[in-house]
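Before any comments, here is the structure.
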Amino acid sequence: MSNPKTVDSSLWFDSFTTILTDLENAPLSSDLPPNLAKKLKENHAWFVETVSLFKKPNAKSREALNSEIIKIGSHEVTVKPELKVKALHISSYLCLDEVQSYILVERSLECDDLAVDSTVEDCLHVVLLQFYIERQCLLKCTRRILMHALCVGICSKEENVAWDEASKLISDGLEQKLISVLQDLLSSSHPDQMDVDLFTLWAEETLIEDNLVLDILFLLYYESLCTCNGEKWKRLCLLYKGILSGSYNFGKLAISAEAVKSSYHASIQLLLILIDTLDLENLLLLVHDGVPFRKGASVFSVTDIQQMDVLISSFVTLGTRESGPLILAWAVCLCLIASLPGSEENNVLMEIDHVGYVRQSFEGAPLNIFVNILESDLLKESDGPVAGYQSVLRTFISAFIASYEINLQLEDSTLSLILDILCKIYRGEESLCIQFWDKKSFIDGPIRCLLCNLEGVFPFRTAEFVRLLSALCEGSWPAECVYNFLDKYVGVSTLFEITSESLVDRASQVVETQLSLQVPGADSLIIPSKTRGHVLKFIDGNTALVRWEYEQSGVLVLLLRLVNELYLESNEEVFLTFDLLSRLVSFNTAITFTLMEIGNTFYLQAAGVNEQMEKKFWVVEVICAVIKKSSPNSGNAAVMSMGVSILASMLTCAPSHIAAVVLKANIFDAAWKTSVFEVGCDGPSSGSWLLSGKLVKMLLIDSEQNDYDKPLTISVLDFTMQLVEARLENDLVLALVIFSLQYILVNHEYWKYKVKHVRWKVTLKVLEVMKACITSVSFSEKLALVIRDMLLNDSSIHNALFHLACTTKQTLENLYVSRLVELEEIEGCQLAVSSALDIIYTMLSKFCKDIPPTLPVLHLSVLSSTMKPIPVVAAAISLISYSRSPAVQVGAAKVLSMLFTTADYMQPYLSGNVCFGLDDKQI
Numbered sequence: 001m002s003n004p005k006t007v008d009s010s011l012w013f014d015s016f017t018t019i020l021t022d023l024e025n026a027p028l029s030s031d032l033p034p035n036l037a038k039k040l041k042e043n044h045a046w047f048v049e050t051v052s053l054f055k056k057p058n059a060k061s062r063e064a065l066n067s068e069i070i071k072i073g074s075h076e077v078t079v080k081p082e083l084k085v086k087a088l089h090i091s092s093y094l095c096l097d098e099v100q101s102y103i104l105v106e107r108s109l110e111c112d113d114l115a116v117d118s119t120v121e122d123c124l125h126v127v128l129l130q131f132y133i134e135r136q137c138l139l140k141c142t143r144r145i146l147m148h149a150l151c152v153g154i155c156s157k158e159e160n161v162a163w164d165e166a167s168k169l170i171s172d173g174l175e176q177k178l179i180s181v182l183q184d185l186l187s188s189s190h191p192d193q194m195d196v197d198l199f200t201l202w203a204e205e206t207l208i209e210d211n212l213v214l215d216i217l218f219l220l221y222y223e224s225l226c227t228c229n230g231e232k233w234k235r236l237c238l239l240y241k242g243i244l245s246g247s248y249n250f251g252k253l254a255i256s257a258e259a260v261k262s263s264y265h266a267s268i269q270l271l272l273i274l275i276d277t278l279d280l281e282n283l284l285l286l287v288h289d290g291v292p293f294r295k296g297a298s299v300f301s302v303t304d305i306q307q308m309d310v311l312i313s314s315f316v317t318l319g320t321r322e323s324g325p326l327i328l329a330w331a332v333c334l335c336l337i338a339s340l341p342g343s344e345e346n347n348v349l350m351e352i353d354h355v356g357y358v359r360q361s362f363e364g365a366p367l368n369i370f371v372n373i374l375e376s377d378l379l380k381e382s383d384g385p386v387a388g389y390q391s392v393l394r395t396f397i398s399a400f401i402a403s404y405e406i407n408l409q410l411e412d413s414t415l416s417l418i419l420d421i422l423c424k425i426y427r428g429e430e431s432l433c434i435q436f437w438d439k440k441s442f443i444d445g446p447i448r449c450l451l452c453n454l455e456g457v458f459p460f461r462t463a464e465f466v467r468l469l470s471a472l473c474e475g476s477w478p479a480e481c482v483y484n485f486l487d488k489y490v491g492v493s494t495l496f497e498i499t500s501e502s503l504v505d506r507a508s509q510v511v512e513t514q515l516s517l518q519v520p521g522a523d524s525l526i527i528p529s530k531t532r533g534h535v536l537k538f539i540d541g542n543t544a545l546v547r548w549e550y551e552q553s554g555v556l557v558l559l560l561r562l563v564n565e566l567y568l569e570s571n572e573e574v575f576l577t578f579d580l581l582s583r584l585v586s587f588n589t590a591i592t593f594t595l596m597e598i599g600n601t602f603y604l605q606a607a608g609v610n611e612q613m614e615k616k617f618w619v620v621e622v623i624c625a626v627i628k629k630s631s632p633n634s635g636n637a638a639v640m641s642m643g644v645s646i647l648a649s650m651l652t653c654a655p656s657h658i659a660a661v662v663l664k665a666n667i668f669d670a671a672w673k674t675s676v677f678e679v680g681c682d683g684p685s686s687g688s689w690l691l692s693g694k695l696v697k698m699l700l701i702d703s704e705q706n707d708y709d710k711p712l713t714i715s716v717l718d719f720t721m722q723l724v725e726a727r728l729e730n731d732l733v734l735a736l737v738i739f740s741l742q743y744i745l746v747n748h749e750y751w752k753y754k755v756k757h758v759r760w761k762v763t764l765k766v767l768e769v770m771k772a773c774i775t776s777v778s779f780s781e782k783l784a785l786v787i788r789d790m791l792l793n794d795s796s797i798h799n800a801l802f803h804l805a806c807t808t809k810q811t812l813e814n815l816y817v818s819r820l821v822e823l824e825e826i827e828g829c830q831l832a833v834s835s836a837l838d839i840i841y842t843m844l845s846k847f848c849k850d851i852p853p854t855l856p857v858l859h860l861s862v863l864s865s866t867m868k869p870i871p872v873v874a875a876a877i878s879l880i881s882y883s884r885s886p887a888v889q890v891g892a893a894k895v896l897s898m899l900f901t902t903a904d905y906m907q908p909y910l911s912g913n914v915c916f917g918l919d920d921k922q923i
C-alpha cells in the first residue's frame, strides 16, 4: 500500500446535519453537553468562516485522489476508484475542491442508499442536494449557537459553553466574514455545466443561504453582540442598493415561486438590519433624557452622518418604490438627531432636509410596504428571529410618531396605516405587549400617547381604539392591563351643536349642555344637563367634538353599543368588540368572571344605566342575541365565530348557567322533534333533532371567504367540547355532538378553504371532540347511549376516521418530495394520522370487552381485509416504520396490539379464525 497523501486539514468537514440535530435537541434553558461542546470546538473555524471553507478545485487535491489513502488532519479517507470518477465530475460541476467533493459523494451515497456503481447522472441530483443541505446546516449551526448563547449565557454567571463559543466566533471576525459571504452570494452565478433542470434547485438553495446569512447578521446587531459603525452600515447599504438597482445577479435567481419568496425575504431582512442599525432606540432614549448630540452619545459621528446622507440621497434617483422605507427611516433618524439639545449649533446637521426625504419617501407609499412586510410569510413561517423583526418595526414606528407628532388630526390614510402596522406588530407578541404596558419602557412612550389620544375621543371613534387594545392584550398580564385601562371611569366624547347659551368660556373652549344628552350608539347612557365639556375640534360650522366631564366605564359603553348594534346592519364594530372580548377572556379567566358580573343589578345602578335597560341587560344574553341575529355572509360568520368563542370561554366558569341561556336563545337554530332526555332513546340519535341550514351555510362561507385567526368551525367545535367536558346533558349538547361527528367530521375534507392548512386544524379539533365524546361515555347516562350507538354503528364516521388512519409510510414520505405541499400541511397531516390512530385504539380498548349480541359495525370494519383505502392492520404495520413521527409510530403499534386483542374477544362471534392476511415481509 502506498503512503497516504496529506492535504490541508481544513478540507475535512464533519456532518453539519448531525451537529445541527444535536444543537436543536439541546434544551435552550441549559448549557450544552460535553460531547457537543467538543464538536463545536473542533469545528470552530467552520462556524466562523462558514461556507467560504468549501474551497475551489486545485491541483494538489486532484492529485491526492490518485493515491489510495488521503490524510486530512487526523482523518484518513480510503479512495475508491468508482467514487473518484464521480467526485471529479461533481468537483467540476460544483466548482468544489476535489477532496471535499469525494467526502461529499461518499456521504451522499451512504445516506441515500445509492449503489456505488450507480451512474454519475443518477447520483448528481442527490449529491447536489446534499451539498446545499450541508451548507445550510452549517449556517443554521452558527445561528443556533448564537440563539443558545443568548438564552443561557447572558444570565448565567457560571462558565457557559454556548456563550464562550459565541463570544469567540464574534472576536474571530464572524461579522466581517458574513458580510463578505453575503456579497459573494449576491454576486454568484451558476456553474457553466449546470443543466436547466438543476438551475432552479441551485437558485432556490442559494437564496436560502442569503436568508440564513442575514438571519445571523440580524441577531448580531439586534442583540448588540456587534456594533454596526458608519463604515459597516454604508457597506450593507451599498449591498441593498445593489439589490434594488439590479446590479447583482440576485434578482435573476427569482425563477420559481419559492425563489421569488426567498428573494423577497432576503431584501426585507437586509432592510430591517439597516433600520435596526440606525440606532433609533438609542436616539429615542437621548430625546427622552434630553441628552445633547455629542461624540460618544451615538454610534455615528457627524462625518458618518454626512457620508450616509450622500448614500441615501442616491436612493432617491433610483426611482424604485422599495427604497421608500429606508429613506423614511433615514428621515426619522435625522429628525431625532436634530431635536436633541445643541444640534441647532451644528450647521452640517441643520442643512440636511429630513422633511424633504419624508415627502420623497411617501411617493413610494412606504407605510403600505411595512404593512406588506408584516403580512408576509417571513413573519409567519420563518424559523429566524421573528420577534426581533417586529421589535425593530415597533421602534421605527414609535420614532416616526415622536418625530412628526402623528396625532388624530391627520385626515389622510397615514394614521390608519400606522394603526394597522401597530396592530400587526403587537398582536401575537406577548413580550412586546408586556413592554408596552410597562411605563418604564421609553420606546413605547409615543405609541402610548397615541392610544391615550384615541381614548380621548372614545366612543366617537370606537373602531381604531378597540382594534389597538385588542392587539395589545396578548397574554394574561397585558389582558388585565387592557381591561383595567378600558374599565376605568373616563370621559365620553360626542358631537355637540354649540350655541351662545352653551359656550361657557370661549378662550378655553369650555361648553355646558343645557339639556340631558343621549350618548350616540349607547342610547341607555344619559349625560346629565349642566354637564361641562371641552371642545376637542370643530367638525363643521358650529358642530364640534366635545369631551364631557361625565365619567363612565369604557367596558360598559362598549357593551351598550353592542346592544345598539343589534338594530343596525353594520357589523365592523361588533366584530372588533367581539374580537377584543374573545381575546380578553381567553388570556385571563378572572376577566371572564368580571364580565359576567356586569349583569349584576347593583353594577348597572352604580353605572347610572336607566331602569328599562337594567332589567334586560346581561352580557351572555347580548352575545347570544348578536349571534342569533347574524344572517349568512362572511362578515357575520366572523362575528359569529368570535361570539361562540367568548361563550366557550365563559362555559368554563359557569357551565350549567351559560348552557341554559344558550339553549334558551337557540343560537344555532336547532329544532327538536323529540327530546332524548324526556322520552329516552335506545336507537339512532338523528331522529331526535333537526338543525337548520343556517349554521352549515355559515361554516361553508367562513371556510371559503375568511382568513382570520379563529375559523367558525373551530369555535363551534371548541364550544361543543366544553359542553361535553362539562358533562352536561341537554338537547343542545346532543345536537352539537351529532352535528360535529355526523356532519363536520364526515364532510369537512371536501370543503373549500381560503387558507389551505386550516383544513388540518379542523380535522384535529373535530378528532379532539370525538375523543372527548368517547371519554364522556363513562360519565353521562342518556347522552352516553346516543354517543355509544353512533360510535359503534355509524359507518360514515368510521369511514372518515379510517380515511385518515389507513395510509402508508410511503404515502406520507411522498408528501415531503412534492413541491406542491407546504410543510405546515405535512405536519397537520401527520398530527391527524396520529390522532386518528389514537382514537381507534381508545374506541377499541373501551368497547372491545362489552360486545353486544349483534357485532357492531366498528368491530367488523377494523378487522375487515377489504377496508378502503387499505385494511387497518396493513396501515398500522406500514406506519410503525414511519420514523419522521414517533407519535405516528407509537399510535400504529398501539392499534396493532389492540387489533390482536379485539380479534381474541371476537372469536366466539366469528365462524372461523380471524386472519389478518400478513405476508412474511410485513411480519
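Anchor point for the sequence shown: position 343 equals 343 in UniProt numbering, and the numbering is continuous, going up by one each time. No residue lacks a Cβ here, since even glycine has one placed at the ideal position from N, Cα and C. Computed from a predicted model, the values in this text were never measured in an experiment.
Pairing Leu559 with Val622, the inter-Cα distance amounts to about 8 Å. Residues Val873, Ala876, Ile877 and Ile880 of the same chain have their beta carbon placed closer than 8 Å to that of Leu896, with the five preceding and five following residues left out of the count.
When the alpha-carbon of Asp210 is set against those of Val511, Phe250, Asp195 and Ala625, the nearest one is in Phe250. Ranked by Cα distance from Ser267, the first of Ile243, Phe436, Gly828 and Thr462 is Ile243. Spatial neighbours of Asp438 in its own chain (CB-CB distance under 7 Å, excluding positions within 5 residues in sequence) are not present. Just so you know, the alpha carbons of Arg532 and Asp487 end up roughly 22 Å apart. Remark: C-beta atoms of Pro446 and Ala402 approach each other more closely than 8 Å. Residue nearest to Cys226 within the set Gln176, Glu258, Cys237 and His75 is Gln176 (criterion: CA-CA distance). Looking at Gly246, Ala892, Gly384 and Leu96, the one whose alpha-carbon comes closest to that of His190 is Leu96. The Cβ neighbour count for Asp794, taken over all protein chains shown within 10 Å, is at least 16; the residue is labelled buried. Taken in chain order, the complete alpha helix (DSSP H) segments of 4 or more residues contained in the region 460–496 are 462–471 and 476–487. In the three-state DSSP reduction, Gln889 falls in the helix class (H, G or I). A distance below 8 Å separates the beta carbons of Arg143 and Ile216. With 16 or more neighbouring CB atoms inside 10 Å of its own CB, Gly384 falls in the buried class. Taking C-beta separations shorter than 7 Å and ignoring five residues to either side along the sequence, the partners of Leu801 in its chain run Ala836, Ile839 and Ile840, following chain order. With distances taken between CA atoms, Leu812 lies nearest to Tyr882 out of Phe739, Arg467 and Tyr882. Residues of the same chain with a CB within less than 8 Å of the CB of Ile774, apart from the 5 flanking positions on each side, are Ile787, Leu791, Ile839, Thr842, Met843 and Lys846 in chain order. With 16 or more other Cβ atoms from the protein chains shown falling within 10 Å of its own Cβ, Ala471 counts as buried. In terms of Cβ geometry, Glu98 and Ser61 form a close pair [threshold 8 Å]. Shortest Cα-Cα distance from Glu827 to any of Ala45, His757, Leu468 and Pro81 involves His757. Looking at the backbone, the Cα of Leu556 and that of Leu764 are separated by about 37 Å. By the Cβ rule, the region 38–49 counts as touching the region 136–150, because three or more pairs are nearer than 8 Å. DSSP places Leu96 in the coil class of the three-state scheme, outside both helix and strand. Rounded to whole angstroms, Thr652 and Glu231 show a C-alpha spacing of 59 Å.
The Cβ-Cβ distance between Ser634 and Gln705 falls below 8 Å.
In the DSSP secondary-structure assignment, Phe538 is bridged to Ala544.
Taking C-beta separations shorter than 8 Å and ignoring five residues to either side along the sequence, the partners of Glu258 in its chain run Glu204 and Arg819, following chain order.
Taking a 10 Å sphere around the C-beta of Cys237, we find 16 or more other C-beta atoms and assign the residue as buried. With respect to Tyr222, Gly388 sits close: the two C-beta atoms are nearer than 8 Å.
Using a 10 angstroms sphere on the CB of Tyr489, the tally of other CB atoms stays under 16, which defines it as exposed. DSSP places Ser883 in no beta strand (DSSP E); its state is neither H nor E. CA-CA distance, His148 to Val716, rounds to 40 Å. Within its own chain, the residues whose Cβ lies closer than 8 Å to the Cβ of Phe587, once the five positions on either side in sequence are excluded, are Cys473, Glu474, Gly475, Ser476, Pro478 and Ala479, listed in chain order. If you compare the alpha carbons of Thr17, His125 and Pro459 with that of Gly554, the shortest gap goes to Pro459. Residue state for His75 is assigned as strand, using DSSP reduced to three classes.
Between Ile658 and Val620, the gap from beta carbon to beta carbon is short of 8 Å.
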